[in-house]
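One structure below.
Residue numbers (my numbering): 7 to 303.
This is the structure in structure tokens:
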């Protein structure tokens, strides 16, 4: 064979890559042998090119190249078509050197080998899918944690606002107490009609009752009681009595009961007696008795 003929036939002898499985290599070698017997019209057997051979076999040149290199597994129909064309060009099946049954067997083995490889790939895919599901679960848990953290941050901000409001209220009451002390009326005998004192008592108590009632309804009893505890020192016994009367009027009975218990327990007996006296004067005898009992326990 001349150098030109050898070059023309070099497209048949493909080198196999390392990832080509043995079954495909065996089939590809058999197809290479089949293609050596192709002889299109007006072409000598030794001068046929890969492009001419592909046209003669009625397939694309890339499909022919991949089949001969084992890079792809051709369909059985295409393998049989290659064989029949080679037999026709060679003049007989014996001249080809490979039987159709041998080609079919090689194709079946290569296909089974492919299926085994697919099983391995499917196992890898399943493993990756499981890892993906685990990551998605972790992401879902993180999203839930972030949502809960945002809720806690909002609640913390709201609590800070409540605390700031309580501090402002306490400061205001303490300022009014200081003003009341500095401008207290002359120490004359207390009269039931002392309008100056009663007006101050009523204003401070009304403000506190309104704010405490709002906190009790919006934030719960703890927030309301916190406000009362922080302002107790700034309230006189008559103001405390007025506060309780206003809480009863607002139907904040639970808050009023808690205030009675806290005031009776924490304040001096002198302040408790003055507060209970003021309650008696307004007809709140049950609250007066409850405050005394709290002071004695």
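Backbone N, C-alpha and C define an ideal beta-carbon position, used for all residues, glycine too. Bear in mind that the values here come from a model prediction, so they are computed numbers and not experimental data.
- Inclusion of residue 212 and residue 248 in the CB contact set at 9 angstroms is warranted, their separation being smaller than that value.
- Rounded to whole angstroms, residue 230 and residue 262 show a C-alpha spacing of 10 angstroms.
- Take residue 95, set aside five residues on each side of it, and the residues of its chain with a beta-carbon closer than 7 angstroms to its own are 43, 44, 45, in chain order.
- In the structure shown, residue 166 adopts helical secondary structure according to DSSP, grouped into three states.
- Residue 154 and residue 165 have their C-alpha atoms spaced approximately 16 angstroms apart.
- For residue 88, the enclosing alpha helix (DSSP H) stretches over residues 82-96.
- Two segments are said to touch when three or more pairs of C-beta atoms, one from each, lie closer than 8 angstroms; by this definition the segment 76-85 touches the segment 101-116.
- 9 angstroms or more divides the Cβ of residue 63 from the Cβ of residue 116.
- For residue 235 against residue 266, the beta-carbon gap comes to about 13 angstroms, at or over 8 angstroms, which does not count as contact.
- Residue 298 and residue 278 do touch by the CB rule: their CB atoms are close to 7 angstroms apart, below 8 angstroms.
- For a cut-off of 8 angstroms, the C-beta gap from residue 134 to residue 36 is around 36 angstroms, too long to register as a contact.
- Residue 163 and residue 224 have their C-alpha atoms some 15 angstroms from each other.
- A check of alpha carbon separations from residue 27 across 97, 79, 90 identifies 79 as the nearest.
- DSSP places residue 65 in the coil class of the three-state scheme, outside both helix and strand.
- Here residue 222 is buried. Its C-beta has 16 or more other C-beta atoms within 10 Å.
- For residue 303 and residue 296, the gap between their C-alpha atoms comes out near 11 angstroms.
- DSSP places residue 104 in the coil class of the three-state scheme, outside both helix and strand.
- Non-local beta-carbon contacts of residue 219 in its own chain, meaning distances under 8 angstroms to residues more than five positions away in sequence, involve 230, 253, 256, 258, 261 in chain order.
- Assigned with DSSP and collapsed to three states, residue 236 falls in helix.
- Cα atoms of residue 292 and residue 233: separation of roughly 24 angstroms, rounded to the nearest angstrom.
- Here the alpha carbon of residue 290 sits roughly 9 angstroms from the alpha carbon of residue 282.
- Ranking 208, 227, 173 by CA distance to the CA of residue 243 puts 208 first.
- Here residue 56 has 17, 67, 70, 71 as same chain residues with Cβ atoms under 7 angstroms from its own Cβ, once five neighbours each way along the sequence are excluded.
- Between residue 58 and residue 38, the CB-CB gap reaches or exceeds 9 angstroms.
- Counting other Cβ atoms within 10 Å of its Cβ, residue 30 reaches 16 or more and is therefore classed as buried.
- Rounded to the nearest whole angstrom, the C-alpha separation of residue 74 and residue 92 is 15 angstroms.
- Just so you know, the alpha carbons of residue 217 and residue 171 end up roughly 10 angstroms apart.
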